[in-house]
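Peer 1: I'd like to ask some things about the structure below.
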Amino acid sequence: MQFPDDRRYTHTHEWARQDGALVRVGITSFAAEQLGDIIFLDLPDPGTRVDGGAAFGEIESVKAVSDLLAPVGGEVREVNEPLMDDLDLVADDPWEGAWMIAIAPDDPAQLDALLDAQAYAQHCAEEA
Amino acid sequence: MTEPTLFDISQPGKRCTRMPAADVPAPALVDVVPAEHLRAEPPALPEVTEPEIARHYARLAAQNFDVDRHFYPLGSCTMKYNPKVHEAIAAAAGWARLHPATPAEHVRGALRLIRDVEGWLAEILGMAAVSLQPPAGAAGEFTCLRIFRAWHDARGDTGRTRVIVPDTAHGTNPASVARCGWTVTVLESGPDGRVSTGTLAEALGDDVAAMMLTNPNTLGLFETNVLEIAAMVHDAGALMYCDGANLNALLGRARPGDMGFDAVQVNLHKTFATPHGGGGPGAGPVGVTAALEPFLPIPRVVERDGALAWDHDRPASIGKVQAWFGNFLVAVRAWAYIRANGADGLRRVTEDAVLAANYVRAALEGAFDLPYDGACMHECVLSAKTPTQETGVRAAEIAKALLDHDIHPPTMYFPLIVDEALMIEPTETESKRVLDRFIAVMLEIARAAREQPEALHDAPTRTPVRRVDEVTAARQPFLRWRPE
Amino acid sequence: MAYVPHSDRDRAEMLAALGLESIEELFATIPASLGATATPVLPEPLSEMELLAEADRLAAENRCLDELVCFAGGGIYDRFIPAIVTSVISRPEFVTPYTPYQPEASQGTLQAMFEYQTMVCELTGMDVANASLYDGATALAEAVLMATGATGRHRALLSGALPPAARAATRTACEAGGVEVVDVPWDDETGRTDLDRLAEMLGGDVACVALGQPNGFGVIEEMSAAARLVHDAGALLIAMVEPISLGVLAPPGKCGADIVVGEGQPLGLPPGFGGPLLGLFACREEFLRQMPGRMVGRTVDAEGATAYCLTLQTREQHIRRGRATSNICTNESLCALAAAVYLAALGPQGLREVATLSVHKAHYLRDLLAEAGVAQRFNEPFLSEFVVRVDGPAEEAVADLCAQGYLVGPALGRDYPELEDCLLLAATERRTRAQIEGLAAAMGR
């Protein structure tokens with residue numbers, strides 16, 4: 113398994129990418145494949161505070177529901193509204209089009225504590 | 004072929020049931036009820052005739068799988084045959100046309116029946132007292148936890164907030180815990196698929212209110228250490244709840260009360276052969292120890308001056324969990340079942356249910372994976388993990404393929420700790436011929452998965468509809484008929 | 177051995193296939209001490225013929241509504257059930273299946289529930305309905321829990337004029353989870369919820385207010401006025417309805433209700449000594465994802481044909497577990513089917529006739545009783561159920577009248593000490609002029 117090395121990863125299959133002053137967050141292709149067809153996405157409103165490691169939303173497939181965990185703590189600044197109307201993007205374009213929220217991090221260094229692409233690939237191999 | 008809805012065939016002015024003319028003064032409605040409270044337009048109900056209704060539902064009925072026509076080995080649901088005499092008895096006016104507000108002295112037969120079923124269930128469960136009031140299994144489960152909470156509160160022991168629930172538990176367990184204002188501590192199962200006393204010891208503490216245990220558990224395995232588990236939980240000051248979904252494995256063999264449980268819920272629609280109704284009505288009576296009896300829902304049937312009567316005056320009671328006395332007509336059917344079987348008959352029920360599950364398990368464990376070795380109780384959990392890895396055919400597709408053989412699929416993807424789980428509960432009411440055919444079909448599907456996996460991706464092909472698009476249904480909820 | 181099909185030879189062959197000598201080996205994981213005490217003491221088994229005789233013997237100790245002339249109310253009514261209802265719900269294809277989790281094997285139940293949901297929406301004026309809950313009382317409890325979830329508030333105001341059992345069941349279901357359940361007083365003259373007091377009680381912590389329509393005294397509430405108060409406080413309005421009345425009454429959806437619940441027994445179910453019943457549940461679309469219970473949706477199959485399936489299951493306990501919208505698993509599907517067949521058989525015109533006949537008969541009874549000196553307790557408009565005051569404890573009046581062949585009540589004193597001399601009376605379409613005149617004569621002073 114290979115993953116983009118322009119971003120960091122969590123053990124719970126979210127990705128986080130530095131984007132100027134913000135950290136953009138989505139879920140990985142591995143997670144999207146495990147979930148199957150997505151039927152519903154519950155994302156926070158801009159301005160919401162999230163803690164690193166805590167749930168910022170939920171993602172549902174027909175027969176499963178999973179928390180979305182914030183890779184870093186901070187304030188939600190942007191939410192990908194178009195994604196809500198085109199949930200197939202989660203599977204079709206997980207790395208770009210299916211970003212979910214952008215967080216203004218309390219501490220940008222939090223990103224460094226996450227997995228890099230290689231470590232995440234190894235984590236996925238163990239889970240599979 | 005698609006059956007139109009009643010709304011599609013509705014035409015203005017068509018009628019089925021008519022009411023007679025009024026035989027009392029009949030003023031205009033607005034003279035009796037202020038116009039502001041009256042509806043401006045009639046509800047847009049279907050306007051259809053009796054022959055159209057009869058045919059509509061006959062055609063819909065033909066699109067269902069049902070226990071009379073189909074083997075239905077749905078694990079944890081105990082889809083046994085529903086005796087016809089139950090329906091005849093429950094339909095009799097002397098039961099069906101009883102009004103619950105009738106004074107007790109005019110419904111002595113009904114009170115006697117409730118008292119008898121409660122007493123017999125107490126015998127079967129090894130509990131001191133039983134209430135028939137909870138209308139379903141999940142309601143019974145909540146009733147037990149609510150009683151636990153009342154018991155702790157009555158002792159001033161209000162610091163307990165956690166409930167220990169094994170990772171194999173039914174989803175209702177954690178949902179009922181949440182309703183009690185408590186949180187769940189999930190207990191990881193041991194390598195043998197059972198609760199590990201070591202893991203339990205770590206999870207216990209003086210903030211634990213209860214442990215919920217299904218026995219046999221949802222892997223179909225008896226929790227052999229149940230006596231030790233109960234002792235540990237009680238030593239920690241907590242109470243033991245038994246999820247009685249799997250009582251069909253225990254009749255005459257082991258009683259939850261003797262295992263150390265403080266409360267148990269049973270499903271009359273499983274073990275006691277009352278029909279499932281396409282999702283209800285069921286009934287979820289609860290049994291409790293003597294210490295918990297004061298907390299049972301009101302009213303209770305009691306003996307007063309030599310006659311049966313209702314007792315509403317029970318200050319410690321948790322209150323009500325159904326409007327009246329529970330799903331009484333379901334209890335009538337269970338009364339008939341227990342009366343027809345007796346103790347020996349019930350013991351035979353369990354023996355044959357366990358024998359059937361093991362017969363199926365042994366025949367299929369070569370073609371599928373058996374995640375936990377050894378004999379099972381009334382149901383066996385297999386895994387399609389190896390076929391999935393080798394052929395890409397998943398448990399869900401095996402299930403759909405069974406439909407083409409006129410067999411209802413087993414429960415799938417549960418318990419959650421087994422990959423590609425297939426949970427098979429044959430029950431005691433299926434003949435050996437039926438079991439042998441099921442085994443042959445399962446082996447044939449396993450072979451087809453290896454040889455022609457793509458064929459299974461299209462299953463089912465012989466059902467009234469092909470594979471149903473549940474994704475679209477959930478993404479764009481279409482929950483009521485509207486004119487095109 | 178009543179319903180097991182195995183012969184001794186079958187059993188022997190199955191044991192042999194397992195390589196076992198005895199069935200006991202399959203129970204080896206059960207500690208021996210448990211087995212020793214496990215045989216229940218039960219009566220000897222009966223043959224089918226004996227069983228029927230025994231059931232008849234017990235039933236003969238009951239006086240059912242074939243023997244008593246029923247003027248009782250309180251949520252359960254003696255209504256006419258068309259034969260088509262009984263016929264449809266007796267079909268094994270509807271009686272015996274499980275919940276329709278396998279849509280390809282359950283289109284019949286699924287489509288019937290889809291149609292039922294539509295009918296409940298039409299009756300109540302709401303956007304969405306579920307495929308039923310246990311009964312009206314627990315449906316009210318579920319509505320309160322849903323409202324607390326949707327608003328994030330933890331106080332529920334229940335009209336004191338709601339049926340007592342519904343209030344009790346709501347307390348039991350909600351209070352342990354941290355919801356404070358408070359009664360709103362009713363007006364002693366009108367029998368309606370006291371909206372002035374309600375206005376005082378509303379605050380930023382109130383999740384919902386629940387009113388009966390008609391209420392537990394049979395009185396018609398000022399639903400629209402209540403809705404304005406409730407919504408001004410940011411709370412949700414729950415209406416608990418009697419479904420037959422919706423043949424003539426304005427639907428709660430038109431009066432500002434956010435959630436509608438009700439006891440569906442009058443829609444084709446026998447009284448059944450109080451169960452099984454039918455919990456009606458409907459709400460506005462914005463609360464769809466907070467709804468408890470099962471819902472059926474229309475979709476397509478792999479070939480594009482219309483098909484139905486359970487949907488939005490991620491709300492439910494088997495998926496969301498501890499965070500589900502409810503712990504409910506089983507519902508009352510067969511009872512919902514009965515209601516759907518009943519409503520189809522009656523249609524809009526028939527339902528109106530049933531409701532109107534009941535109104536006329538109840539008002540005729542009220543008028544005869546007034547002439548006979550038995551006064552109506554409350555002075556606000558009612559439909560087919562009302563409260564009267566009798567001489568002395570109402571419990572005794574209920575017992576006396578029962579001895580004369582009339583079932584009335586329930587007496588209200590147990591739940592309302594101030595109404596100890598009051599009881600409920602209801603008239604349905606089944607009551608004849610002669611029966612009404614008979615009761616009036618029996619109750620007259």
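Chains as they are written, first to last, in this note's numbering: chain C, 113 to 240; chain A, 4 to 487; chain X, 177 to 621. Beta carbons: idealized from backbone N, C-alpha and C, even for Gly. These numbers come from a predicted model, not from an experiment.
(1) For A/Asp372, count neighbouring C-beta atoms within 10 Å of its own C-beta (all shown protein chains included) and say buried if the count is 16 or more, exposed if not.
(2) Express the C-alpha separation of A/Asn220 and X/Ala332 in angstroms, rounding to a whole number.
(3) Quick check on X/Ser335: does DSSP put it in helix, strand or coil?
(4) If you draw a straight line from the C-alpha of X/Thr501 to the C-alpha of X/Val320, how long is it?
(5) Looking only at its own chain, which residues have a Cβ that is under 7 Å from the Cβ of C/Asp179, when we skip the five neighbours before and after it?
(6) Can you give me the start and stop residues for the beta strand (DSSP E) that X/Glu150 sits inside?
(7) Between the segment 171-193 of chain C and chain X, which residues of the former have a C-beta closer than 9 Å to a C-beta of the latter?
(8) Applying a beta-carbon distance threshold of less than 8 Å, which residues of chain A neighbour X/Val564?
(9) Okay, do the segment 339-354 of chain X and the segment 306-315 of chain X touch, 3+ Cβ pairs below 8 Å being the bar?
(10) Assess contact between the segment 207-223 of chain X and the segment 126-136 of chain A, defined as three or more Cβ pairs (one per stretch) separated by less than 8 Å. Is contact present?
(11) Taking a contact to mean a Cβ-Cβ separation below 8 Å, would you say A/Asp207 touches A/Asp246 in this structure?
(12) Taking C-beta to C-beta, are A/Ala99 and A/Leu242 nearer than 8 Å?
(13) Within its chain, find whatever has a CB closer than 7 Å to the CB of X/Met302; leave out the 5 residues flanking it on each side and keep chain order.
(14) Closer than 8 Å, Cβ to Cβ, to anything on chain C: give me those residues from the segment 452-477 of chain A, in chain order.
(15) Hey, does C/Asp218 have any beta-carbon neighbour from chain A nearer than 8 Å?
(16) With 8 Å set as the bound, which would you pick, yes or no: does the beta-carbon of X/Arg496 sit closer than that to a beta-carbon of chain C?
(17) Is DSSP giving C/Asp205 helix, strand or coil here?
(18) In the DSSP output, which residue or residues are listed as bridge partners for A/Met426?
(19) Any idea what DSSP makes of A/Phe3, helix, strand or coil?
(20) Spell out whether any CB of chain A is found under 8 Å from the CB atom of C/Leu199.
(21) Apart from the five residues on each side of it in sequence, which residues of its chain come closer than 7 Å, Cβ to Cβ, to A/Ala252?
(22) Are the beta-carbon atoms of X/Leu299 and X/Leu405 separated by less than 8 Å?
(23) Enumerate in chain order the residues of its own chain whose CB-to-CB distance from A/Ile448 is below 6 Å, with the five nearest sequence positions on each side excluded.
(24) Compute the beta-carbon to beta-carbon distance between X/Gly455 and X/Pro339, rounded to the nearest angstrom, for a pair I have assumed lies under 8 Å.
(25) Hey, how far is the Cα of X/Phe554 from the Cα of X/Phe393?
(26) Beta-carbon within less than 6 Å of A/Thr432's beta-carbon, same chain only, minus the 5 sequence neighbours each way: which residues are those?
(27) Quick test of your reading: A/Pro288 and A/Val269, contact by CB under 8 Å. State the CB separation rounded to the nearest angstrom.
(28) Kindly indicate which residue of A/Pro480, A/Asp34, A/Pro467, A/Phe481 has the alpha-carbon position closest to the one of X/Glu280.
(29) Alpha carbon to alpha carbon, how far is X/Thr198 from X/Thr205?
(30) Do you know offhand how far X/Gln489's Cα is from X/Leu541's?
(31) Identify whether X/Thr348 lies in helix, strand or coil by the three-state DSSP scheme.
(32) Mapping the DSSP letters down to three states, classify A/Thr105 as helix, strand or coil.
(33) May I have a chain-ordered list of the alpha helix (DSSP H) segments no shorter than 4 residues that lie completely inside the segment 351-402 of chain X?
(34) First and last residue of the alpha helix (DSSP H) that includes X/Val320?
(35) Please work out which residues of its chain come closer than 8 Å, Cβ to Cβ, to A/Leu254, disregarding the five sequence neighbours upstream and downstream, and give them in chain order.
(36) Is X/Met619 close to chain A, meaning its C-beta is less than 8 Å from at least one C-beta of that chain?
Peer 2: Answer, in terms of the structure:
(1) Residue 372 of chain A sits at position 369 when you count from the first residue of the second sequence. So A/Asp372 counts as buried.
(2) One-based indexing of the third sequence puts residue 332 of chain X at position 156. One-based indexing of the second sequence puts residue 220 of chain A at position 217. Going by the C-alpha atoms only, they are around 38 Å apart.
(3) Here the question's residue 335 of chain X lines up with position 159 in the third sequence. Strand at X/Ser335.
(4) Counting from 1 along the third sequence, the entry for residue 501 of chain X is found at position 325. Counting from 1 along the third sequence, the entry for residue 320 of chain X is found at position 144. In a straight line, the C-alpha of X/Thr501 is about 12 Å away from that of X/Val320.
(5) Here the question's residue 179 of chain C lines up with position 67 in the first sequence. Taken in chain order, the residues that qualify are Ala167, Glu170.
(6) What is shown of chain X runs 177 to 621, which leaves residue 150 of chain X out entirely.
(7) Glu172, Ser173, Val174, Lys175, Ala176, Val177
(8) Residue 564 of chain X sits at position 388 when you count from the first residue of the third sequence. Going along chain A, no residue has its Cβ under 8 Å from X/Val564, so there is no contact; the nearest lies around 15 Å.
(9) yes
(10) yes
(11) In the second sequence, the residue the question calls residue 207 of chain A occupies position 204. In the second sequence, the residue the question calls residue 246 of chain A occupies position 243. Note that residue 207 of chain A is Leu in the sequence shown here, rather than Asp. Contact: no.
(12) One-based indexing of the second sequence puts residue 99 of chain A at position 96. One-based indexing of the second sequence puts residue 242 of chain A at position 239. Going by C-beta atoms, A/Ala99 is not nearer than 8 Å to A/Leu242.
(13) In the third sequence, residue 302 of chain X corresponds to position 126, counting from 1. Closer than 7 Å at the Cβ level, and outside the excluded window around X/Met302, lie Gly429, Val436, Ala458, Cys459, Arg460.
(14) Glu473, Val474, Ala477
(15) For the purposes of this step, residue 218 of chain C is taken as the residue at position 106 of the first sequence. Chain A contact via Cβ: absent.
(16) Position 320 of the third sequence holds residue 496 of chain X. Yes - at least one Cβ of chain C is within 8 Å of the one on X/Arg496.
(17) The residue given as residue 205 of chain C occupies position 93 in the first sequence. In the structure shown, C/Asp205 sits in coil (DSSP, three-state: anything other than H, G, I, E or B).
(18) Within the second sequence, numbered from 1, the residue matching residue 426 of chain A stands at position 423. A/Val384, A/Thr414.
(19) Outside the modelled stretch of chain A, which goes from 4 to 487, sits residue 3 of chain A, for which no answer is possible.
(20) Residue numbering aside, residue 199 of chain C sits at position 87 when the first sequence is read from its first letter. Yes, C/Leu199 counts as interfacial toward chain A.
(21) Counting from 1 along the second sequence, the entry for residue 252 of chain A is found at position 249. For A/Ala252, where only same-chain residues beyond five positions count, the Cβ hits under 7 Å are Pro219, Thr353, Ala356, Val357, Met380, His381.
(22) The count along the third sequence starts at 1 and reaches residue 299 of chain X at position 123. The count along the third sequence starts at 1 and reaches residue 405 of chain X at position 229. No, Cβ-Cβ distance for X/Leu299 and X/Leu405 is not below 8 Å.
(23) The residue given as residue 448 of chain A occupies position 445 in the second sequence. So the qualifying residues of the chain are Ile401, Ala404.
(24) Position 279 of the third sequence, counted from the first residue, corresponds to residue 455 of chain X. Position 163 of the third sequence, counted from the first residue, corresponds to residue 339 of chain X. So it is not a contact: roughly 13 Å between Cβ atoms.
(25) Taking the third sequence and counting its residues from 1, the one referred to as residue 554 of chain X is at position 378. Taking the third sequence and counting its residues from 1, the one referred to as residue 393 of chain X is at position 217. Going from the Cα of X/Phe554 to the Cα of X/Phe393 covers about 8 Å.
(26) Indexing the second sequence from 1 puts residue 432 of chain A at position 429. Lys83, Tyr84.
(27) Mapped onto the second sequence, residue 288 of chain A falls at position 285. Mapped onto the second sequence, residue 269 of chain A falls at position 266. Indeed they touch by this definition, with Cβ atoms about 6 Å apart.
(28) The residue given as residue 280 of chain X occupies position 104 in the third sequence. Among A/Pro480, A/Asp34, A/Pro467, A/Phe481, the Cα nearest to that of X/Glu280 is on A/Pro467.
(29) Counted from its first residue, the third sequence places residue 198 of chain X at position 22. Counted from its first residue, the third sequence places residue 205 of chain X at position 29. Note that residue 198 of chain X is Ser in the sequence shown, not Thr. When rounded, the distance between both Cα atoms is 14 Å.
(30) Position 313 of the third sequence, counted from the start, is the residue given in the question as residue 489 of chain X. Position 365 of the third sequence, counted from the start, is the residue given in the question as residue 541 of chain X. Rounded to the nearest angstrom, the two C-alpha atoms are 48 Å apart.
(31) Numbered from its first residue, the third sequence carries residue 348 of chain X at position 172. Here X/Thr348 sits in helix by DSSP.
(32) Counting from 1 along the second sequence, the entry for residue 105 of chain A is found at position 102. In this structure, A/Thr105 counts as coil in the three-state DSSP scheme.
(33) 371-377
(34) Within the third sequence, residue 320 of chain X is the residue found at index 144, counting from 1. Its alpha helix (DSSP H) spans residues 312-327.
(35) Here residue 254 of chain A corresponds to residue number 251 of the second sequence, with the count starting at 1. So the qualifying residues of the chain are Ile127, Thr274, Leu349, Arg350, Val352, Thr353.
(36) The residue you call residue 619 of chain X lines up with position 443 of the third sequence. False, the Cβ-Cβ gap to chain A never drops below 8 Å.
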